[in-house]
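Written below as structure tokens is the structure these notes are about.
Number of protein chains: 6
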Amino acid sequence: MRTTVNIPADIASTVRRALNEDLGTGDLTARLLPEQGAGTAQVSCREHAVLCGAPWFDEVFRQLDQRVRVDWQNRDGDPIEPGQTVCTLSGPAPALLSGERTALNFLQLLSGTASVTREYVSLIAHTQTRLLDTRKTLPGLRSAQKYAVLCGGGVNHRMGLYDAILIKENHLRASGSISAALAQAKATQRRIEIEVEDETQLEEALQGGADVVMLDNFSLEQVRRAVRLNNGRARLEISGGVDKQALAELAETGVDYISSGALTKHVQAVDFSMLMTEHTI
Amino acid sequence: MRTTVNIPADIASTVRRALNEDLGTGDLTARLLPEQGAGTAQVSCREHAVLCGAPWFDEVFRQLDQRVRVDWQNRDGDPIEPGQTVCTLSGPAPALLSGERTALNFLQLLSGTASVTREYVSLIAHTQTRLLDTRKTLPGLRSAQKYAVLCGGGVNHRMGLYDAILIKENHLRASGSISAALAQAKATQRRIEIEVEDETQLEEALQGGADVVMLDNFSLEQVRRAVRLNNGRARLEISGGVDKQALAELAETGVDYISSGALTKHVQAVDFSMLMTEHTI
Amino acid sequence: MRTTVNIPADIASTVRRALNEDLGTGDLTARLLPEQGAGTAQVSCREHAVLCGAPWFDEVFRQLDQRVRVDWQNRDGDPIEPGQTVCTLSGPAPALLSGERTALNFLQLLSGTASVTREYVSLIAHTQTRLLDTRKTLPGLRSAQKYAVLCGGGVNHRMGLYDAILIKENHLRASGSISAALAQAKATQRRIEIEVEDETQLEEALQGGADVVMLDNFSLEQVRRAVRLNNGRARLEISGGVDKQALAELAETGVDYISSGALTKHVQAVDFSMLMTEHTI
Amino acid sequence: MRTTVNIPADIASTVRRALNEDLGTGDLTARLLPEQGAGTAQVSCREHAVLCGAPWFDEVFRQLDQRVRVDWQNRDGDPIEPGQTVCTLSGPAPALLSGERTALNFLQLLSGTASVTREYVSLIAHTQTRLLDTRKTLPGLRSAQKYAVLCGGGVNHRMGLYDAILIKENHLRASGSISAALAQAKATQRRIEIEVEDETQLEEALQGGADVVMLDNFSLEQVRRAVRLNNGRARLEISGGVDKQALAELAETGVDYISSGALTKHVQAVDFSMLMTEHTI
Amino acid sequence: MRTTVNIPADIASTVRRALNEDLGTGDLTARLLPEQGAGTAQVSCREHAVLCGAPWFDEVFRQLDQRVRVDWQNRDGDPIEPGQTVCTLSGPAPALLSGERTALNFLQLLSGTASVTREYVSLIAHTQTRLLDTRKTLPGLRSAQKYAVLCGGGVNHRMGLYDAILIKENHLRASGSISAALAQAKATQRRIEIEVEDETQLEEALQGGADVVMLDNFSLEQVRRAVRLNNGRARLEISGGVDKQALAELAETGVDYISSGALTKHVQAVDFSMLMTEHTI
Amino acid sequence: MRTTVNIPADIASTVRRALNEDLGTGDLTARLLPEQGAGTAQVSCREHAVLCGAPWFDEVFRQLDQRVRVDWQNRDGDPIEPGQTVCTLSGPAPALLSGERTALNFLQLLSGTASVTREYVSLIAHTQTRLLDTRKTLPGLRSAQKYAVLCGGGVNHRMGLYDAILIKENHLRASGSISAALAQAKATQRRIEIEVEDETQLEEALQGGADVVMLDNFSLEQVRRAVRLNNGRARLEISGGVDKQALAELAETGVDYISSGALTKHVQAVDFSMLMTEHTI
């Protein structure tokens with residue numbers, strides 16, 4: 000673990016797990032190489048993208064062989080161009096070869112998430128609305144993906160069930176009513192968010208003192224009315240199957256947040272490759 | 000761990016990790032519910048897809064509360080229709096709610112991978128060519144994704160660096176020549192695969208006794224010539240940026256394998272939802 | 000892991016760690032006993048206390064030997080009297096003996112925390128003020144102690160640095176000013192708490208939109224003025240070396256929360272003992 | 000793990016567990032700070048105490064960020080005065096802030112245990128009697144607390160059930176008789192301790208060859224007679240609810256050991272605080 | 000973990016580690032079998048031996064598939080004949096096949112250790128001398144091997160460095176003298192063993208109050224003199240390269256213990272095999 | 000983890016496990032020594048052997064205290080003579096003493112395995128036949144033992160059930176026939192090995208396209224006929240109770256591999272010792 004600011008605390012175990020699944024009992028092909036060789040390699044990108052994943056990339060080589068040195072030309076969050084070299088590595092050749100795929104797997108995934116986030120954010124940049132992620136993430140990779148959302152300019156919704164209260168339709172069925180649920184939630188020292196289906200529920204939620212209200216599958220017109228009804232009392236969040244086309248219009252209604260599962264449940268990996276440029280025995 | 004056939008051995012730890020990242024110190028919202036309630040829920044799909052992920056889904060609830068019962072209407076590998084109910088759950092309501100997202104995250108990811116694999120496989124089904132996956136996977140989820148590829152009808156390439164030898168261009172630079180590399184590999188008791196860039200290298204690989212030869216970025220015409228040159232001596236694999244359109248034509252050349260990173264590095268999650276249908280206190 | 004409601008998710012690993020440190024490579028004394036003996040034992044308390052720790056107690060024996068049966072006469076949160084039997088155990092005698100100390104260590108600790116919390120809560124029960132815990136906990140036992148605070152009638156402050164923002168004096172020095180710090184915090188989707196040293200800072204915090212303001216070492220009179228100044232804009236929390244005597248007066252000022260490190264950093268273990276009542280070979 | 004002498008071998012995992020419970024997915028407040036700042040801080044104590052916990056304190060910052068430097072003015076076991084600075088830290092400001100509470104939680108706990116041990120030891124310092132701890136410890140913190148007892152001048156009784164034989168009343172019921180139990184224990188290569196309830200049992204234990212005899216709830220007068228009866232044959236230990244007042248008189252009887260659960264089951268945390276003294280960006 | 004008596008507490012993790020190294024990402028060959036088949040198998044032995052390892056064998060199948068049932072015809076410690084069936088298994092055929100090798104690896108190793116111990120013990124059975132093991136064990140398998148020594152009729156010396164004091168030549172060089180080392184050891188509450196090179200050191204050790212004295216490389220004649228010199232003051236242990244031939248004569252001198260590294264550092268695996276006897280689909 | 004070439008990836012966890020079982024809560028005897036002493040020690044061998052285990056030996060001291068320095072006079076795989084010093088250590092004396100036994104336990108085991116392998120290999124060195132190991136290994140130590148086999152000049156068979164297909168008699172009973180089993184195996188992308196009992200099965204296996212055929216308990220004469228029958232179509236492996244005497248004759252038949260469980264299931268530990276040569280306080 001290094002400085003805890005911004006970088007998820009579980010990076011070492013995430014990388015260890017990834018290395019274990021690739022290396023297992025050892026790299027059979029690298030064993031065929033002369034042990035004492037050193038090499039240099041460059042990682043370049045073949046697309047327009049937002050760079051993300053450098054700490055995981057670094058950690059892969061740190062765990063493999065501390066003699067590997069990685070020099071970054073870019074930082075996480077930087078826009079990159081096709082053909083651009085993002086970093087240069089040097090160190091023992093077997094370690095470069097053994098770590099290549101695992102390191103690139105992190106880079107291509109997280110840059111993919113950061114890039115799609117950046118694209119969405121740009122569509123609503125002319126408004127005050129902020130783009131949120133969700134809990135629809137790849138199992139075991141949530142903290143990494145949430146970091147990528149930050150790099151792309153988004154804002155993190157709750158990390159999990161443990162760090163915020165969000166009362167959804169199924170919870171309401173079990174509790175009886177919105178006001179009963181909110182009354183019980185008030186006894187905790189937590190920000191309270193509640194999902195509502197229509198304006199009647201919205202008003203009930205506002206009177207019950209919800210901090211944030213999630214408007215579930217509201218039409219554009221319903222959202223506009225909800226913003227007026229709310230009149231600044233709580234923060235409003237739009238959720239549900241939001242497509243790219245509708246983003247700007249929804250944001251222009253003045254809602255505080257739009258949350259999108261698509262940011263993290265789909266992945267369009269960015270195409271990176273590592274090329275050995277020098278090798279000395 | 001239950002029967003080891005077909006289902007990856009690391010399923011318990013993969014699920015534990017996913018539950019930990021979602022539950023952390025406990026589900027704050029579920030705590031607001033009455034403890035003794037029981038419930039029933041249905042999981043349905045909103046798309047055409049291939050179902051995959053049932054063992055992970057089951058394991059989520061097994062780890063949360065062994066009283067939850069999951070009844071599947073379908074098995075992994077089954078085609079499913081929009082609106083189809085794939086399973087029904089019953090058990091303590093808090094456990095159903097706490098496990099919902101983690102369980103669905105596995106199902107949407109793995110069904111996505113199985114579905115795209117099935118689509119690719121159908122495009123080459125009229126040939127003898129088999130579709131292989133690669134090591135371009137989501138970190139920590141490789142064994143699950145490789146299982147999904149099997150469910151979709153694909154064949155697994157090596158699991159990692161530890162279970163097969165694949166000599167690539169970077170390795171050749173370090174070893175000197177194809178024949179030197181192959182000679183050393185022969186001393187192991189392993190199937191040997193080698194990547195070649197042109198026909199000269201192909202011939203050298205065949206004479207060196209490679210079991211499989213990977214044709215790197217060969218044109219359609221080059222592949223056809225390679226198949227003739229090989230004349231059944233080794234198995235041939237096509238790799239590199241293979242797009243859907245080219246699949247059929249490439250398969251019709253008579254190559255043994257086509258491998259595709261796109262199967263596992265990109266994810267188009269399938270849309271599943273869980274709905275509580277009954278709740279009794 | 001069983002139902003996640005109310006009971007910390009890390010109970011199995013906490014108990015495993017405790018059993019490991021006591022059992023190590025095995026109970027040397029229990030090895031001297033005949034293997035096939037069964038026994039019955041009663042756990043009783045020698046003090047007035049609030050019972051807490053049953054899930055950890057159960058887990059100890061579940062991990063040791065699933066044939067042990069524990070029947071509880073009381074539930075966590077119940078008041079208990081000196082001499083009262085709280086539970087009866089039956090099962091293999093070696094398991095009862097090997098688990099006794101580890102199980103009691105959880106019970107005596109957590110009942111101690113629940114009991115002191117109950118005592119503090121009773122002193123402010125005539126007001127609307129709620130008693131909060133802090134992060135001054137025993138390393139590795141935080142989730143268990145926070146559960147005990149709930150059993151005693153208290154409310155949990157944040158679990159750790161990861162689930163809420165609390166800007167303290169040291170953070171302010173690094174950020175420059177209260178309004179700068181709050182502006183940056185606003186960009187997250189989190190409840191924001193800030194610590195203030197005097198009324199000027201309080202006003203600045205209120206105008207910056209803090210959700211909760213912690214009044215650090217305010218005198219009784221200063222607290223009263225702060226409540227008037229706040230006038231319901233944010234929630235107010237009193238922190239710092241609050242002694243039992245001052246609790247009622249502070250609560251009567253109308254502050255929302257009083258937080259106390261003493262609840263969890265000091266421990267006055269409750270005196271429980273386990274007595275074998277029957278033993279049959 | 001560093002040098003194994005005196006410092007428990009599980010320090011790294013104990014600290015990792017504590018950091019995990021506080022940091023989880025990252026310090027939300029520290030993220031608001033400028034990343035590049037460096038700082039200096041001082042840890043001081045507000046009470047008379049015996050310092051204990053430096054290795055755990057160091058390990059917290061070593062795991063967080065290896066650039067943090069801690070300079071100690073005192074060593075574990077040193078007496079400290081109110082207002083005394085015990086150490087000075089310098090390094091990246093976010094790491095200092097993120098580690099503060101976890102590091103202090105170890106220091107306040109372990110100094111508390113060392114301080115009460117020192118106080119008890121001083122009451123019997125004019126005799127040959129030694130003060131022992133017990134297995135009544137905080138779950139998961141036993142090795143740390145046992146280290147603190149050493150720092151306070153006490154002697155460690157067995158670490159757990161695995162490293163010494165101690166036959167108690169419940170074991171005797173299962174074995175039949177003291178002489179039968181001792182005969183079986185003799186077949187091991189272990190020091191044998193046995194608990195007795197009266198002089199008859201004491202004599203039986205001595206004749207059976209016990210190495211140590213624990214006098215359970217003997218009155219002062221009974222202890223005196225036991226010492227005479229023993230006449231140096233075995234070592235004698237007094238156990239049970241020993242209060243501070245009785246310690247000196249009991250020790251003056253000439254018993255070898257007095258053991259006290261209060262040393263480790265109760266905690267009176269010592270009041271330490273960390274203050275940032277300089278901060279440069 | 001089941002009953003802790005006699006069976007090492009780390010059995011589950013030892014077996015998990017062994018299964019992981021054999022199964023990794025799954026049994027490729029078992030995947031070729033029909034999933035629903037059930038089978039019956041018998042484990043038989045081809046040599047004269049002492050059976051040992053049943054709990055590890057059981058745990059292998061418990062972790063693989065809880066439907067496997069193992070019925071033992073013998074218990075650990077029983078003598079077995081060539082051709083004898085020691086247990087019968089029934090359950091899902093893939094689980095039987097996948098667990099076979101790992102389960103047999105435990106049985107062949109631990110029965111080997113128990114058998115050689117039984118042979119040594121029989122050579123000194125006409126004396127009071129007991130046979131001890133040492134810390135010369137297979138890394139990671141110590142608790143299992145020490146259990147096997149018990150099954151063979153031996154006695155366990157210390158488990159590790161943590162549960163007994165044994166002052167050896169190298170320690171003496173660092174401490175200055177035997178009496179200085181013993182004085183310091185006396186301040187602990189531990190049995191003290193010390194290694195001596197000659198009679199002068201033996202006398203010094205006895206006067207310093209050692210509980211056990213290890214005679215390092217004493218000749219038979221020196222051992223006889225040492226027994227007379229000791230005259231029952233401490234227990235005496237013979238260590239060093241003791242061969243089978245010399246065992247009886249050494250034991251007849253009246254020493255209390257003979258310790259032998261050969262019991263656990265060498266392994267002569269016992270030949271067991273598992274045969275499928277029935278298979279139904 | 001350091002460079003992954005040749006050295007198993009699980010070395011750190013193997014060593015951690017071994018240190019934990021020896022050190023537990025700390026070295027009681029080393030605690031009696033002055034903390035600040037430094038020392039020098041030499042490790043020498045008392046037998047003719049092949050050195051193996053240096054990376055594990057190094058890792059023991061790296062984990063204990065990074066100030067210990069180990070200088071090797073030999074490399075793994077080197078032949079060593081009685082009396083030869085293989086390495087010299089210097090560093091804090093308590094760390095040298097605490098790590099001694101664990102480090103030597105690795106060295107004596109792995110050198111034992113390398114030595115017996117070298118002996119077997121030398122008996123067939125005049126042929127093209129290669130010596131293979133098996134899965135009959137010490138639980139938890141397989142990757143280390145397989146590394147030792149490489150150091151001795153052997154070749155590794157599969158690491159476990161996960162990295163190669165080997166169809167044995169029990170599998171055939173479940174699948175019906177050799178050709179059915181092979182047909183299904185062909186659908187994977189794996190080298191396929193199959194065990195046969197007689198010449199009829201051998202011919203069936205060859206026609207089914209097996210890559211390697213294992214001749215189970217074939218007589219010398221049967222092996223000779225099998226080699227002629229095979230005529231280079233597949234690779235042939237001899238398995239089963241091969242004794243040293245028969246090795247040369249079997250190899251001279253021209254089979255490709257001879258596999259031997261004896262290499263790794265039996266252990267004849269090599270006798271190493273560590274002597275402190277200098278000690279300064």
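Residue numbers (numbering that gives the first Met the number 0), protein chains in the order written: chain A, 0 to 280; chain B, 0 to 280; chain C, 0 to 280; chain D, 0 to 280; chain E, 0 to 280; chain F, 0 to 280. Don't be surprised by glycine CBs; every beta carbon is placed ideally from N, CA and C.
Taking Cβ-Cβ distances shorter than 7 Å, what residues in chain C pair up with Phe105 (chain D)? The answer, in chain order, is Pro138.
Counting only Cβ-Cβ distances shorter than 8 Å, please list the residues of the segment 21–37 of chain B near chain C, keeping chain order. So the close ones are Leu22, Gly23, Thr24, Gly25, Asp26, Ala29, Arg30, Leu32 and Glu34.
Would you say Arg117 (chain D) faces chain E, with C-beta separation under 7 Å as the test? Cβ-Cβ to chain E under 7 Å: no for Arg117 (chain D).
Spatial neighbours of Ser174 (chain E) within its chain, please: C-beta separation below 6 Å, excluding the five flanking residues on both sides. Hits under 6 Å: Ala180.
Between Ser142 (chain C) and Glu20 (chain D), what straight-line distance do the alpha-carbon atoms span, to the nearest angstrom? The straight-line gap from Cα to Cα measures roughly 8 Å.
Local conformation of Ser121 (chain D) per DSSP, three classes: Of the three classes helix, strand and coil, the one that applies to Ser121 (chain D) here is helix, per DSSP.
Are any of the Cβ atoms in chain C nearer than 7 Å to that of Arg190 (chain A)? It does; some Cβ of chain C falls within 7 Å.
Closest Cβ-Cβ distance between Ser142 (chain D) and chain H: below 7 Å? The chain inventory of the structure shown lacks chain H, comprising the protein chains A, B, C, D, E and F.
Figure out for me which residue from B:Thr276, B:Ile177, B:Arg134 and B:Leu122 has the closest Cα to the Cα of Gly152 (chain B). Closest option to Gly152 (chain B), Cα to Cα, is B:Leu122.
Quick check: what's the CA-CA separation for Val120 (chain B) versus Ala184 (chain F)? Rounded to whole angstroms, the separation of the alpha carbons of Ala184 (chain F) and Val120 (chain B) is 19 Å.
Looking at the unbroken beta strand (DSSP E) that takes in Ile6 (chain F), where does it start and where does it end? Looking at the DSSP string, Ile6 (chain F) is not in any beta strand (DSSP E), and its letter there is neither H nor E.
Between Asp64 (chain B) and Ala94 (chain B), is the Cβ-Cβ spacing less than 7 Å? In this structure, Asp64 (chain B) sits near Ala94 (chain B), with a CB-CB distance shorter than 7 Å.
Taking C-alpha atoms, which residue in E:Leu160, E:Tyr161 and E:Lys145 lies nearest to Val154 (chain E)? Cα-wise, what sits closest to Val154 (chain E) is E:Lys145.
In terms of alpha-carbon separation, which member of A:Ala147, A:Asp26, A:Ser89 and A:Glu99 lies closest to Arg74 (chain A)? Distance check between Arg74 (chain A) and each of A:Ala147, A:Asp26, A:Ser89 and A:Glu99 places A:Ala147 closest, using alpha-carbon atoms only.
Through-space distance from Arg224 (chain D) to Leu214 (chain D), alpha-carbon basis: Each residue's CA atom was taken as its position, placing Leu214 (chain D) and Arg224 (chain D) some 11 Å apart.
Secondary structure of Glu277 (chain F), DSSP reduced to three states: Looking at Glu277 (chain F) - three-state DSSP - the assignment turns out to be strand.
Pull up the CB-CB distance for Phe60 (chain A) and Leu106 (chain A), whole angstroms please, since I reckon it's below 8 Å. Contact flag wrong, Cβ pair sits at about 12 Å.
May I ask you to report which of helix, strand or coil DSSP gives Glu99 (chain C)? Note: Glu99 (chain C) maps to helix in three-state DSSP.
Simplified DSSP assignment, three categories, for Pro93 (chain E): Here Pro93 (chain E) sits in helix by DSSP.
Starting from the Cα of Asp270 (chain F), find the closest Cα among F:Gln83, F:Pro138 and F:Ala40 and give me that residue. Checked all of F:Gln83, F:Pro138 and F:Ala40; the closest Cα to Asp270 (chain F) is F:Gln83.
Check Gln283 (chain E) in the structure and name its three-state DSSP category. Not covered by the structure: residue 283 (chain E). The range shown for chain E is 0 to 280.
Using the beta-carbon count (16 or more within 10 Å), is His156 (chain D) buried or exposed? Within 10 angstroms of the beta-carbon of His156 (chain D) lie 16 or more other beta-carbons, which makes it buried.
Mark Lys243 (chain D) as exposed unless 16 or more other C-beta atoms lie within 10 angstroms of its C-beta, in which case mark it buried. When all chains shown are included, Lys243 (chain D) counts as exposed.
Is the segment 123–132 of chain D close to the segment 251–260 of chain D, with three or more CB pairs under 8 Å? Yes: at least three Cβ pairs fall under 8 Å.
Run through DSSP, which three-state label would Ser258 (chain F) get? Note: Ser258 (chain F) maps to strand in three-state DSSP.
In this structure, does DSSP put Val212 (chain A) in helix, strand or coil? When DSSP states are grouped into helix, strand and coil, Val212 (chain A) belongs to the strand group.
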